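Numbering (our numbering), first residue to last: 39 to 336.
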């Protein structure tokens, strides 16, 4: 096959689960080659692991799905640049001691990842009952930024406030951070809840999400990756693309497709249906992010 005509999907077919073979420009970059600033790279997004959940009717393998995901990432032919967990690392509990036990167990399991860098973000199950106190003991700041190969990543907290708001103080922090970025900077926002009003009555919204989007809007190359809704979903607010990730514990129905929101029951004929993780390939020069969804398997 002509190398210039070989696209990422062709490579994925050749690589099978080894999704880390990809194209940068027209040159196939093999594992181990040295990278330059603004080269393509890829990372893995996992979301809504809900460690500590127990519900056989929803997921009889609740003790195994996170471990299976870790094993699947470790089995990739080339390791991603980093892994990011977009919230709800653990299942909520009123018991403060149990909350910390679950976070400790989650941390021990994901420490088995071979990737050099793992980024964490809180979900409301991790942070809303104590405004992120326990979460910060184990995983650090609730909002922060980092840069990787020419992309500026912004981790926002829209969960530690029980009212599902980002809050004025954090918006001011975001505004100050964005002032340091060029208007055409490559920016990826990582958050748990959607920033737009997907289904506010299902808690699929952020109270002041419109203010956050307005703050981001002057920047021409912004992409938002989030979790919370336990399904793949894609949405545009102007030029900003929003992409939701599947859960690793249970699937949820499409918004308002059923009278009441609730986990999809386990289907023994199709185990792990609707559960999965994704690889995100950042084509930095083009400010493009190719998403490849992978189902969780038994």
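Backbone N, C-alpha and C define an ideal beta-carbon position, used for all residues, glycine too.
All values reported here derive from a predicted model rather than from experimental measurement.
Within 10 angstroms of the beta-carbon of residue 98 lie fewer than 16 other beta-carbons, which makes it exposed. As DSSP reads the structure, residue 328 sits in a beta bridge with 319.
With 16 or more other Cβ atoms inside 10 Å of its own Cβ, residue 199 counts as buried.
The beta carbon of residue 329 is closer than 7 Å to those of 281, 316 and 318 in its chain, skipping five residues each way along the sequence. If the five residues before and after residue 275 are omitted, its C-beta is found closer than 6 Å to the C-beta atoms of 234 and 251, all from its own chain and listed in chain order.
Taking a contact to require three or more Cβ pairs closer than 8 Å, the stretch 202-217 and the stretch 129-144 do not qualify as touching.
For the pair residue 325 and residue 132, the Cα-to-Cα distance works out to about 42 Å. A distance below 7 Å separates the beta carbons of residue 226 and residue 191. Of the residues 311, 273 and 306, the one whose Cα lies closest to the Cα of residue 291 is 311. In this structure, the alpha-carbon of residue 170 lies about 30 Å from that of residue 257. Annotation: the stretch 136-200 contains the following complete segments of the alpha helix (DSSP H) (minimum length 4 residues), in chain order: 162-165 and 171-177. Contact between residue 96 and residue 333 is ruled out by a C-beta separation of about 17 Å, above the 8 Å threshold. The Cβ atoms of residue 230 and residue 265 sit closer than 7 Å to each other. Scanning the stretch 231-260 for uninterrupted alpha helix (DSSP H) segments of 4 residues or longer gives 247-254, listed from N- to C-terminal end.
Taking a 10 Å sphere around the C-beta of residue 163, we find 16 or more other C-beta atoms and assign the residue as buried.
Under the three-state reduction of DSSP, residue 209 is assigned to helix.
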